Every structure is written in C-alpha cells, then in structure tokens.
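Using the working numbering, read the first sequence as starting at 1 and increasing by one per residue. Heads up, the beta-carbon is just placed ideally off N, CA and C, and yes, glycines get one too. All values reported here derive from a predicted model rather than from experimental measurement. Structure record follows, encoded as structure tokens.
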Amino acid sequence: MTENLGYNPDDADSIVEYARKLVGHSLREVLDIKVIQSPKQRRGSWGNAVEEYYFKYDLNSDSNPDFAQVGMELKTTPLKESTQGKFAAKERLVLTMINYMDVVREDFEHSHLLQKANDVLLISYLWRSDEDPLDYKVLVADRWHIPSEDIPQIKKDWETVVQKVREGRAHEISGSDTMYLEACTKAADSTVRRPQPFSDIPAKPRAWALKASYMTAVQSGLLEKMQHIQRAAGEKDLDLLALVRNRFEPFFGLTEEELARQFGMGRSKNLCARITRGILGVEDDAKIEEFEKAGIKPKTIRLQANGRPKEAMSFPAFDYFQVAEQPFEDSDFYGYLQQKYLFVLYREDSDGAYRLSDVCFWQMPDNDMEEAERCYLQMQNNIRTGHADVSVRSTENRCCHVRPHGQNSQDTNPTPHNGDVVKKCFWFNQGYLQDEIAKALG
DNA sequence: GCATGATCATGC
DNA sequence: GCATGATCATGC
Numbered sequence: 001m002t003e004n005l006g007y008n009p010d011d012a013d014s015i016v017e018y019a020r021k022l023v024g025h026s027l028r029e030v031l032d033i034k035v036i037q038s039p040k041q042r043r044g045s046w047g048n049a050v051e052e053y054y055f056k057y058d059l060n061s062d063s064n065p066d067f068a069q070v071g072m073e074l075k076t077t078p079l080k081e082s083t084q085g086k087f088a089a090k091e092r093l094v095l096t097m098i099n100y101m102d103v104v105r106e107d108f109e110h111s112h113l114l115q116k117a118n119d120v121l122l123i124s125y126l127w128r129s130d131e132d133p134l135d136y137k138v139l140v141a142d143r144w145h146i147p148s149e150d151i152p153q154i155k156k157d158w159e160t161v162v163q164k165v166r167e168g169r170a171h172e173i174s175g176s177d178t179m180y181l182e183a184c185t186k187a188a189d190s191t192v193r194r195p196q197p198f199s200d201i202p203a204k205p206r207a208w209a210l211k212a213s214y215m216t217a218v219q220s221g222l223l224e225k226m227q228h229i230q231r232a233a234g235e236k237d238l239d240l241l242a243l244v245r246n247r248f249e250p251f252f253g254l255t256e257e258e259l260a261r262q263f264g265m266g267r268s269k270n271l272c273a274r275i276t277r278g279i280l281g282v283e284d285d286a287k288i289e290e291f292e293k294a295g296i297k298p299k300t301i302r303l304q305a306n307g308r309p310k311e312a313m314s315f316p317a318f319d320y321f322q323v324a325e326q327p328f329e330d331s332d333f334y335g336y337l338q339q340k341y342l343f344v345l346y347r348e349d350s351d352g353a354y355r356l357s358d359v360c361f362w363q364m365p366d367n368d369m370e371e372a373e374r375c376y377l378q379m380q381n382n383i384r385t386g387h388a389d390v391s392v393r394s395t396e397n398r399c400c401h402v403r404p405h406g407q408n409s410q411d412t413n414p415t416p417h418n419g420d421v422v423k424k425c426f427w428f429n430q431g432y433l434q435d436e437i438a439k440a441l442g
C-alpha cells in the first residue's frame, strides 16, 4: 500500500477496493476541495476530478492505460434517474479516439479498441441538472470488461465502421450504422476534420464508444429481469439482425392472430413486443437483453398490397410551450428520432389478410435529420406566431408531419398564444416509411 | 385514393 | 386518468 495514495498502483484489486469506497458518497464528502469546473464548461470534469484528486495521478491524454502498471482503464459515466425512478446512462461511454490511418491495419482481436475495453474500472455517478457536480453521488464502482456474449455483435459493429474507412467513406460513418458500439463524433467544434487513408475527403474525428442504451443495460442488468436470446449451436456467430431474421423466418406467412394463438396470447396492446419475445424464445415478462443494449424497439407495420404502410407512425403528443422554446437539438422529438426500431412487417395478401412477411432494423438516417428539423422549426414558428392550431402537412415535408393525437377533439394542451389546442404530435409520413422500408429490405 | 382529423382501447 | 399505440372516418 502506497501511503500517500491510499491504494497500491501495482495491484488491480487494491485499486478497485479503493474505488469502491466512493460508492454512496459524493466528491465533496471524500475530497478536500471546494469547487470543480462545471461539466457544462468542460466535459468530463467530474471524471478529471476523480483522477486528479481521488486517485492522484496526472491526467493523461496519451494512449497509455490510466493505471499503467496493471493495464486498467478508469471510466466515469453519469446516470440519470427517470421520473419512474429508474436509472439510465445519460450518455455513451467514450473509450478511445479512432485513428483512421491506423485502424485500417488492425484486426478486431488485436484492435486498439479491445485493449481499451479489456479491463475497465467503471465508476457511475448520479447526475442531477440542479446539483453541484461535487455533490453527485457515486452509485457504482466496479471492474468491468465486455462480456464474451457481446463480442460477436461488437466485432460486427467494429467491422462495419472499419469497412467504411477501408472503402474511403470515413466521412459517411454514422452512429446509426451499428448496434452496441458506435463511432461517435468527437471534436471541439463541428468544423474539425481528419484525413482518411483511402479518400481525399476529410472526415469528422470520431471515437469508439458504447451506446447509452448499452451502458444502461450494463448498469441495470443485475437489477431487472432480462434474458438473452438463446443461441443454437449454428447461431453462435450471428450478429443480431441475422439471428433475428433466422428466428422470424419460419413464421413468415402467418397472421398476427395465428401467431398470438401459437404463443397462447390474447388480444393485447403490446402484442408486437410479446410476439417478438415469443419468437425469440424470451419469457413474456422479461426484457430482451440484446434489444435493451442496442436500444431497439419492436414495432408492427402493416403494409398494403402495394407496399405502402397502412398508417403513419406517431410519437408522443408534444408540449406546445416546449416546442416553442426548445432548439431542435434539445427537443424530445430529436431524441425520438435517434430511436432504433425492429420493424415487424405484415403484408396484405391477395385475400386481404395481413401476414408476417419480413423483419428489419431501422433508424432514421442522419441525412434526413435536416428535413425533420425543418418540420420541427415550421411547427415551432406556427406556435410562436400564434398559429398553434396549424399543423405541418405531410405534403409539405418529405419525412414527417404534425397531426392531432389525443382522446378526441376535446383533449387539448395549452399553447402560448392560442389558448387550448387539440393535442398533437409529430408523425413519420407513410410515403417516407415506404421508401425507407424498401431501402432496408434491399 | 390519399391527407388530415378524430377516436378507440389497453395498460400503467 | 391518461399516455401511447393503433386505427377509423371524412372530405377533397
């Protein structure tokens, strides 16, 4: 034990034991400091304070491990508490910068990323918007590494990203390309660009990160009932989409009623999610661990014989005051647009019955975000100028529109300038969904 | 036939 | 009681 440190930097167990003493406490309680920089001014300042004042080592931005003697990385990550009292990761967990020039020469098993995620000391704290960071409570401090059952999907994610760099398309990388691991943008400002090896087009700097949905699942895995999709011998190396398709295929051609009967389910509102659990062999009252980690929501879409979805897709009703005030990037709508879906597709047959015909994963492409923003800003302008009753029509926007979504026309929300107006929400256009589904099915 | 407005129904 | 997912109804 090194006296002035409080732990032995040559002994991983000693480091972890020392870290665990933080659990249940705030930095103010354990450190003799009065102020740290606000995370609003400098991201990661809470984590920096832990490194600097609790573990007392020099901040490094080089690529050596934080605890170099034992090869362990320290990662701190904020959790937020929902109104229902559940904890969720507030943000993705950034592991290490991607060097486009080097990464194309790596293979996954020996990648820089795996080295960084091989042995992690994970410290999670409860973030509160109205609290001094010094008072954030530490909830978890534990040693962690990527579990072996997640490796096939993470490898697939890694290769998806690296493949784009190898094809000279690093500038086209998107967080929506992948499931657990993502290449998230990371730069001081949005104008910074880095060179890539197989194209002259410079690309945004990106870092390897585990998605917020993945970190949420990691944190809550022990608390909530979650089940893996059990893999048969021949399915061990399948990525998530391949596995899900494999399981759904034998049921193609059945109607929703036939499927419900097969799994002994009555008519119920969340039938899609329940049938999905049934087909994937997960108990009815459990969550699908893989879907939690990837943040995937199953959604039924009924396609008419001509391929057009029968209905548009709705989001929760919005608050007129919030839309009036919030910039697009801070809005709830923006958050909903980051959602990944498993579309469970039923297609109308010649006899008029809707039969299970396909499944695909989908997330709104980054390129369409601008069009969605245009819809948001147009509605925002309507509300601000005293026309909250005027919606954005589906003919006015390629991707989405605004429509009522309440109990009935008496079901209203207050507005800044028009009194009470019927509850409304944003919707994905049917035509847009049709195009996107066609693309997703190839 | 489609866009838009309106409403139903389940489950928390 | 209300949010949310799903669907119906009307009028252009």
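What do you get for residue i, buried or exposed, if any count of 16 or more other CB atoms within 10 angstroms of its CB means buried?
{"i": "Asn-429", "result": "buried"}
{"i": "Met-179", "result": "buried"}
{"i": "Pro-365", "result": "exposed"}
{"i": "Gln-230", "result": "exposed"}
{"i": "Met-1", "result": "Unreliable positioning characterises Met-1 in this predicted model, as indicated by a pLDDT of 49, which lies under 50. A coordinate reading is not provided."}
{"i": "Phe-318", "result": "buried"}
{"i": "His-401", "result": "buried"}
{"i": "Phe-343", "result": "buried"}
{"i": "Asp-157", "result": "buried"}
{"i": "Glu-436", "result": "buried"}
{"i": "Ile-98", "result": "buried"}
{"i": "Val-192", "result": "exposed"}
{"i": "Lys-211", "result": "buried"}
{"i": "Phe-67", "result": "buried"}
{"i": "Asn-4", "result": "exposed"}
Pull up the DSSP beta-bridge partners for residue i, would you.
{"i": "Cys-184", "result": "Ala-207"}
{"i": "Val-140", "result": "Ser-124"}
{"i": "Phe-318", "result": "Paired residue(s): none; Phe-318 is not in a bridge."}
{"i": "Ala-89", "result": "Leu-79"}
{"i": "Cys-360", "result": "Phe-343"}
{"i": "Arg-355", "result": "Thr-255 and Arg-347"}
{"i": "His-401", "result": "Trp-427"}
{"i": "Val-192", "result": "None; Val-192 has no bridge partner."}
{"i": "Asp-454", "result": "Any property of residue 454 remains undetermined from this structure, which presents the chain solely from 1 to 442."}
{"i": "Arg-302", "result": "Tyr-346"}
{"i": "Pro-309", "result": "Leu-303"}
{"i": "Ser-394", "result": "Paired residue(s): none; Ser-394 is not in a bridge."}
{"i": "Ile-296", "result": "Lys-340"}
{"i": "Phe-67", "result": "Met-72"}
Beta-carbon separation of residue i and residue j under 8 Å?
{"i": "Phe-251", "j": "Ile-279", "result": "yes"}
{"i": "Val-94", "j": "Ala-207", "result": "yes"}
{"i": "Pro-205", "j": "Pro-195", "result": "no"}
{"i": "Ile-422", "j": "Thr-415", "result": "The question names Ile, but residue 422 is Val in the sequence shown. Not in contact: Val-422 and Thr-415 (Cβ atoms no closer than 8 Å)."}
{"i": "Phe-315", "j": "Phe-328", "result": "no"}
{"i": "Tyr-341", "j": "Gln-363", "result": "yes"}
{"i": "His-110", "j": "Thr-96", "result": "no"}
{"i": "Glu-292", "j": "Met-226", "result": "yes"}
{"i": "Val-120", "j": "Glu-73", "result": "yes"}
{"i": "Val-35", "j": "Val-140", "result": "no"}
{"i": "Met-369", "j": "Leu-345", "result": "no"}
{"i": "Asp-135", "j": "Ser-26", "result": "yes"}
{"i": "Ala-286", "j": "Arg-384", "result": "no"}
To the nearest angstrom, how far is the alpha carbon of residue i from that of residue j?
{"i": "Gln-339", "j": "Val-161", "result": "20 Å"}
{"i": "Gly-335", "j": "Ser-124", "result": "22 Å"}
{"i": "Gly-352", "j": "Phe-248", "result": "22 Å"}
{"i": "Asp-151", "j": "Ala-294", "result": "The sequence shown places Ile at residue 151, rather than the Asp named in the question. Going from the Cα of Ile-151 to the Cα of Ala-294 covers about 13 Å."}
{"i": "Gly-281", "j": "Arg-274", "result": "10 Å"}
{"i": "Met-215", "j": "Lys-297", "result": "16 Å"}
{"i": "Asn-381", "j": "Glu-52", "result": "47 Å"}
{"i": "Thr-412", "j": "Lys-86", "result": "29 Å"}
{"i": "Asn-443", "j": "Gly-431", "result": "No answer is possible for residue 443: the residues shown for the chain start at 1 and end at 442."}
{"i": "Tyr-100", "j": "Ile-146", "result": "23 Å"}
{"i": "Gly-6", "j": "Tyr-18", "result": "7 Å"}
{"i": "Gly-442", "j": "Leu-241", "result": "14 Å"}
{"i": "Glu-258", "j": "Asp-284", "result": "17 Å"}
{"i": "Lys-269", "j": "Met-313", "result": "16 Å"}
{"i": "Gly-406", "j": "Lys-424", "result": "7 Å"}
{"i": "Glu-131", "j": "Lys-137", "result": "10 Å"}
{"i": "Ser-409", "j": "Asp-389", "result": "12 Å"}
{"i": "Ile-154", "j": "Leu-303", "result": "32 Å"}
{"i": "Val-70", "j": "Val-16", "result": "11 Å"}
{"i": "Gln-163", "j": "Leu-243", "result": "21 Å"}
{"i": "Glu-159", "j": "Leu-31", "result": "43 Å"}
Less than 7 Å between the CB of residue i and some heavy atom of the ligand GTP, yes or no?
{"i": "Ala-317", "result": "Here there are no bound small molecules, and the ligand GTP is not part of this structure."}
Mind the definition here: the stretch 253-264 touches the stretch 346-359 only if three or more C-beta pairs lie below 8 Å; say whether that holds. yes
Quick test of the definition: if touching needs 3 or more C-beta pairs under 8 Å, does the stretch 78-88 touch the stretch 111-126? yes
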